[in-house]
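Letter by letter, the sequence shown follows residues 1 to 147 in the working numbering.
What follows is one structure encoded as structure tokens, with my remarks underneath.
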Amino acid sequence: MIRTLIGSLALFACASAALSQEPAAITMGNGQSNAIVTDDVTRDGGVLTFQSVTIEKPGWLVVHPFEEGKPNGDKYVGATYIPQGESQDVELEVYKGLEAGEPFLVMLHFDSNDNQIFDFVFITDTTVMDLPVFEGSTMIGHVVTAP
């Protein structure tokens, strides 16, 4: 996924630069219509709880692991369905144990085919079916340290 994201970001940056002669600034964070509150993430065993998640259409809150010091977007270790709008106290079960202090990438993906199944299936070399959520050049995601 991150490899996909980096490839997509590079393609986007090249296309934007060709049109405007200025490189696009791709960032990670929250947008106006899509957001993950990462302050005070709590943990009970293998379950992480996020205070609030907002998404403009149904989708997924997804955790990608870090490997060799960087996020590995080709894998995920937990995902939970999020209905459209704002959700409070969102619980996400992590399938791989996260040690306290271990970083992870949490991000939003849209449920592209509205089947409420996380389709983490590569449809091209760089794209999964349930696409990451972007607002402009901001990917809705954060690097978080496991509590």
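C-beta: ideal position from N, C-alpha, C; glycine also.
No experiment lies behind these values; they were computed from the predicted model shown.
query                                                                                                                                                   : result
Grab the span of the beta strand (DSSP E) containing Ile-140 for me, first residue to last.                                                             : 138-145
When you compare each of Val-144, Ala-146, Asp-40, Glu-135 to Thr-27 by their alpha carbons, which one comes out closest?                               : Glu-135
Quick check on the DSSP output: what are the complete beta strand (DSSP E) runs of length 3 or more inside the region 17-100, in order along the chain? : 27-29, 42-44, 47-55, 59-67, 78-82, 85-93
So with Cβ pairs under 8 Å, would you call Val-53 a contact of chain B?                                                                                 : This model lacks chain B altogether, as it is built from one protein chain only.
Would you kindly work out how many angstroms separate the C-alpha atoms of Pro-147 and Val-41, rounded to a whole number?                               : 7 Å
Compute the distance between the beta-carbons of Phe-110 and Leu-131, then report whether it is under 8 Å.                                              : yes
Would you say Ile-82 and Leu-48 are within 8 Å of each other, going by their C-beta atoms?                                                              : no
Taking its Cβ as the centre, do 16 or more other Cβ atoms sit within 10 Å of Gly-73, making it buried, or is it exposed?                                : buried
Between which two residues does the beta strand (DSSP E) holding Arg-104 run?                                                                           : In the sequence as presented, Arg is not what sits at residue 104; that position holds Phe. Segment 103-110, the beta strand (DSSP E) holding Phe-104.
For Phe-120, does the three-state DSSP call read helix, strand or coil?                                                                                 : coil
Nearest-angstrom Cα distance between Gly-97 and Ile-117?                                                                                                : 22 Å
Name, in chain order, the residues that DSSP records as bridge partners for Val-128.                                                                    : Phe-122
To the nearest whole angstrom, what separates the beta carbons of Gln-84 and Ile-55, a pair I think is in contact under 8 Å?                            : 6 Å
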